[in-house]
Amino acid sequence: MARLIAKAQDIVANSTAPEARDFDAARWLGKWLDVPQPALGGRKPSELLDTPTGLDVVLKVLGALESGAYQ
581 MARLIAKAQD IVANSTAPEA RDFDAARWLG KWLDVPQPAL GGRKPSELLD TPTGLDVVLK
641 VLGALESGAY Q
């Protein structure tokens with residue numbers, strides 16, 4: 581979980597959006613983990629966190645959010 585929070589905080593830290601200044605990345609991540617994601621075949625990210633491979637997949641989706649590759 582610490583790796584996920586760190587990734588979400590990195591995304592916010594790298595953002596130039598004014599809203600990023602007061603954005604609670606950990607809170608957002610907690611909600612995002614329980615929302616089915618099209619990039620995960622409609623699965624919730626939280627469903628994939630019990631294996632190292634699943635965690636890597638979720639981290640990649642977060643990375644895609646940062647780059648804008650996944651909307």
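Convert by adding 580 to the 1-based position in the sequence shown; the result is the number in the numbering used here.
In this text, a Cβ means the ideal position worked out from N, Cα and C, and glycines have one as well.
These numbers come from a predicted model, not from an experiment.
- Cβ neighbours of residue 642 within its own chain (closer than 6 Å, five residues either side excluded): 587.
- Membership of residue 592 in the alpha helix (DSSP H) is indicated by the continuous run 582 to 593.
- Distance from the CA of residue 633 to the CA of residue 583, rounded to the nearest whole angstrom, comes to 13 Å.
- The Cβ atoms of residue 609 and residue 585 lie closer than 9 Å to each other.
- Listed in chain order, the non-local C-beta contacts of residue 614 below 7 Å within the same chain comprise 624 and 626, local neighbours out to five positions each way being set aside.
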